[in-house]
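Below: the structure, in structure tokens.
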Amino acid sequence: MTKKKILLIITGGIAAYKSLDLIRKFREQECDITCILTKAGSEFVTPLSVESLSENKVYTDLFNLTDEHQMGHIQLSRMADVVLVSPATANIISKAAHGISDDLASTVLKATNKPVIIAPAMNVQMWLNESTQRNIKTLKNDGINFIGPENGSMACGEYGEGRLSETDKIVEETIDFIETYYSQPLKDLSAIVTAGPTQEMIDPIRFISNESSGKQGYVIASRLSQLGAKTTLISGPTHIEPPANCNLIKVRSANEMLNACENNLPSDIAVCAAAVGDFKVDKFNNEKIKKTGDNLNLELSENVDILKSIGTRNSKRPKLVIGFAAETNNLIDNATKKLNSKGSDWIIANDVSGGKVIGKNHNEICLISNRGIENWPKMTKSDVAKKLSQKIVNYFSH
Ligand code: CTP
């Protein structure tokens, strides 16, 4: 395998001191690192230490004739597999969001034809500042990728979001990004992913729903899309940011979710991660239901089962249909019944008792198929998405 090439832009925040460790760890992973150090960055780390650790020339100045002769800003922006900005200050983030290019780092960010990853690091208030959040949104829409920031204590003594991700995480995610971006193992395939809760309206202002956050489905959709699958995310109402590069269809009721799924068939892969409401109100009240001093009885009927209707289709059935099973007891038995009754190829069974999964960032699942049961250790929902997607890649490459 050829060495992965990373162009690392180090900007001027206190977290810049961590870039020396970052360079060392990338080198341990056989990566080739070339660094750009901004003027403010060189207040925190010296060009000499960066150059010694990277064993490559360090670039600092846009108007340095020798540098421009050896490797101009255009060439610099072309030579890497990925451009990583770490740490990225609020300043470089706002310059990138507004297309300002007044030094070598910001000019390279504008000139590059390679993917860009930004690892922000700043004080919590600077991170939460509306202009920073606006800029982040703009950059995400422009297809820029982010690692972190994290919650934690800061050099300034405050605590909150804005801390640079750990160097191990930055190295791991950058390498993983390069591998998936350039291999695109699912590039010829399409996927639909359902996520989040559904809402079944009772009257114009009331509905029946559940506590699903949509996190697991969103990270699965995001990962499938990163691996090259043309991904449609069909989501009930959630409060989380939609992943980039997915076609997002927002729905409310189970019926709307089913229609959106059917409209997006044929598809090679279907992942039903939504917590679809099992019941809907028989008769929607056009006007707000008034109190009468008496009990209110609502007639509920069963909703359509979306997974089952996809898994048991005669035509346009996706080649791989994956469902979830949320259980509070008899996990394997109940999930295996769902595998068979819903015509799915795999069921991801999770024990949702005691509020330990819904809305949380971690999941501990069993993958059940006709080939047997795999127990996965407790991991983040994002790691579940990675592991599941890798299994999907393997499934289609055999
Ligand atoms: N599912 C669906 N449509 C429904 C109900 C569930 O597509 N109306 C899907 C879910 O997205 C999930 C799987 O079926 O992939 C299992 O959902 P779960 O809530 O665990 O089970 P239910 O089928 O609702 O059965 P029960 O609530 O009785 O356990």
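Residue numbers (the working numbering): 137 to 534.
Glycine residues also receive a C-beta, built at the ideal position from the N, C-alpha and C atoms.
Item                                                                                                                                                                      : Value
With C-beta atoms as the reference, is I283 less than 9 Å away from T310?                                                                                                 : yes
What did DSSP end up calling E336 once you bin it into helix, strand or coil?                                                                                             : strand
Just grab the DSSP bridge partners of Y295 for me.                                                                                                                        : S289
Determine the extent of the alpha helix (DSSP H) in which S188 is found, giving its start and end residues.                                                               : P183 to S190
Drop a sphere of 10 angstroms on the beta-carbon of S477, count the other beta-carbons inside from all chains shown, and report buried for 16 or more, exposed for fewer. : exposed
For K474, verify whether its CB is less than 8 Å away from any heavy atom of ligand 1.                                                                                    : yes
Going by DSSP in three states, D312 sits in which element: helix, strand or coil?                                                                                         : helix
Which residue marks the beginning of the alpha helix (DSSP H) containing I468, and which one marks its end?                                                               : L467 to S477
If you reduce the DSSP assignment to three classes, tell me which class T464 lands in.                                                                                    : coil
Taking 8 Å as the cut-off, is the CB of I442 close to at least one heavy atom of ligand 1?                                                                                : yes
Between A485 and I468, which are expected to be in contact by the criterion C-beta below 8 Å, what is the C-beta distance as a whole number of angstroms?                 : 7 Å
Exposed or buried, A257, counting other C-beta atoms within 10 Å across all chains shown (16 or more means buried)?                                                       : buried
Quick one: give me the first and last residue of the alpha helix (DSSP H) that L245 is part of.                                                                           : L240 to A247
How about I306 and I280: do their beta carbons lie closer than 9 Å?                                                                                                       : no
Go ahead and label D238 buried or exposed: buried means 16 or more other beta carbons lie within 10 angstroms of its beta carbon, across all protein chains shown.        : exposed
N431 to K419, Cα distance in whole Å?                                                                                                                                     : 17 Å
Determine the direct distance from the alpha carbon of V252 to that of L144, and round the result to whole angstroms.                                                     : 10 Å
Compute every distance between the C-beta of E336 and the non-hydrogen atoms of ligand 1, then say whether any falls below 8 Å.                                           : no
Looking at the unbroken alpha helix (DSSP H) that takes in A255, where does it start and where does it end?                                                               : Premise fails: A255 lies in the beta strand (DSSP E), V252 to P256, not in any alpha helix (DSSP H).
What did DSSP end up calling H498 once you bin it into helix, strand or coil?                                                                                             : strand
How about S190 and I236: are their beta carbons less than 9 Å apart?                                                                                                      : no
According to DSSP, is G459 part of a helix, a strand, or is it coil?                                                                                                      : strand
Does DSSP put N227 in a helix, a strand or coil?                                                                                                                          : helix
Below 8 Å, is the gap between the Cβ of N466 and the nearest heavy atom of ligand 1?                                                                                      : no
In the DSSP output, what is Y195 paired with across the bridge?                                                                                                           : I172
Report the partner residues of K366 according to the DSSP bridge assignment.                                                                                              : S326
Please list the terminal residues of the continuous beta strand (DSSP E) segment that includes C408.                                                                      : I405 to C408
Suppose only complete runs of 4+ residues qualify. What are the alpha helix (DSSP H) ranges in the region 382-443, listed by chain order?                                 : 390-399
Is it a yes or a no for the region 262-270 touching the region 240-249, going by three-plus beta-carbon pairs under 8 Å?                                                  : no
Under three-state DSSP, which class holds N530?                                                                                                                           : helix
According to DSSP, which residues form a beta bridge with S505?                                                                                                           : W482 and G508
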